[in-house]
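Novice: First, the structure itself, so that you have it in front of you.
Numbering (our numbering), first residue to last: 36 to 390.
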């Protein structure tokens, strides 16, 4: 697995800041848009940043632990929602269309036979979804590596179409539980602080979910023990394989490849950020390429954002997933590029600058 990602060069930073401050406005008056313009300019190494052929990649997979009752919905909803994506009827379809972003859906390991479909990327690792982490590891090391490699393959193909900004989404009944376990392992936060209601559990369902996840951790109370004494990258991959999902591992691999391709990564909510926690452990410099779209209503997302030192663009109380928050953020990226490229400077407009 190639995890080398170029550190952002800062040769253009002074010129970018000068261009931003030279626009016909008080310095800093466009707030976060100015920060976005600077970040995109640094990623692309240009004074004229642009969002080209934007895509959102939604990875779908099933979780063995879902059968134990960690979600309010039955596992069949995963494949049914993939069908909804393919038919264009889900929230992510509507929001991606509105934002002018192309949607790509990948089957990372859904427990359903879709057959050959023109709008579905077939990257299934396990036909029945993952095993249950309540009984052992969710994935073998080979399965986890394959899912990550599949994600990298999809992003390379997307990049070949001229895409330089990619958002990430997911679908998988039970994947908030998986994300909670990964967040606990990668941040050290207490499990109770990162377990939420997911798809809408009532109080009894939430209590059951917490108990099941505590049980999973009791069997393996120390993530270090999962690596059989090994450390570093191997530990990260071992934890991802033990508690993750095929779609989460695919997302982690896709993010690493997007960084290698010097794309802008638009990060969605709780599950997507769980994948990013693994990816940034493997390549910390990837964080410089990330734009955090929104703050999810899922409580563990705030823990993730704090751990990464991230400031999301939006806070709308959303917790749907699918990449919906990422879709809403793309127009803001476009706006940041537009003011850089289309707004007059004090000099060109003949407007007096600040004394």
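Backbone N, C-alpha and C define an ideal beta-carbon position, used for all residues, glycine too.
#1: Just to confirm before moving on: does the CB-CB distance between residue 190 and residue 296 stay below 9 Å?
#2: Which parts of the region 246–309 are runs of the beta strand (DSSP E), unbroken and 3 residues or longer, counting only runs that do not cross its ends?
#3: Quick one: what's got a C-beta closer than 8 Å to residue 61's C-beta in the same chain, skipping five residues either side?
#4: What is the DSSP secondary structure of residue 197, counted as helix, strand or coil?
#5: If you scan the region 304–339 from start to end, which runs of the alpha helix (DSSP H) of 4 or more residues do you find wholly inside it?
#6: Once the 5 residues before and after residue 376 are set aside, which same chain residues still bring their CB inside 6 Å of it?
#7: Give the straight-line distance between the Cα atoms of residue 45 and residue 71, rounded to the nearest whole angstrom.
#8: Let me know the secondary structure DSSP gives residue 112 once reduced to three states.
#9: Under 8 Å Cβ to Cβ from residue 324, same chain only, skipping five residues before and after it: list those, please.
#10: Please classify residue 154 as buried or exposed, where buried requires at least 16 neighbouring CB atoms within 10 angstroms.
#11: Using only alpha-carbon positions, find the residue among 351, 328, 215 that is nearest to residue 280.
#12: Mind checking which residues open and close the alpha helix (DSSP H) that includes residue 219?
#13: For the pair the region 202–221 and the region 91–99, tell me if three or more CB-CB distances fall below 8 Å.
#14: According to DSSP, which residues form a beta bridge with residue 155?
#15: Does the contact criterion of 3 or more C-beta pairs under 8 Å hold for the region 114–134 versus the region 186–201?
#16: Quick check on residue 353: does DSSP put it in helix, strand or coil?
#17: Have a look at the DSSP bridge pairing and note the partners of residue 380.
#18: Do you know how far the Cα of residue 385 is from the Cα of residue 309?
#19: Taking Cβ positions, are residue 268 and residue 360 nearer each other than 9 Å?
#20: Please work out which residues of its chain come closer than 6 Å, Cβ to Cβ, to residue 369, disregarding the five sequence neighbours upstream and downstream, and give them in chain order.
#21: Should residue 81 be flagged as near chain C, meaning a C-beta pair shorter than 9 Å?
#22: Between 312, 282, 240, which has its C-alpha nearest residue 156's C-alpha?
#23: Given this structure, state the Cα-to-Cα distance separating residue 135 from residue 373, to the nearest angstrom.
#24: Out of 163, 166, 204, state which residue places its alpha-carbon closest to the alpha-carbon of residue 92.
#25: What are the complete beta strand (DSSP E) segments, minimum 3 residues, inside the region 66–140?
#26: Determine the direct distance from the alpha carbon of residue 149 to that of residue 364, and round the result to whole angstroms.
#27: Cα separation between residue 333 and residue 339?
Specialist: In this structure, then:
#1: yes
#2: 299–302
#3: 389
#4: coil
#5: 305–317
#6: 83
#7: 15 Å
#8: helix
#9: 40, 43, 78, 293, 294, 297, 298, 299, 300
#10: exposed
#11: 215
#12: 210–222
#13: yes
#14: 140
#15: no
#16: coil
#17: 58
#18: 49 Å
#19: no
#20: 86
#21: In summary, chain C is missing from the structure at hand, where a single protein chain is found.
#22: 282
#23: 15 Å
#24: 204
#25: 90–96
#26: 31 Å
#27: 11 Å
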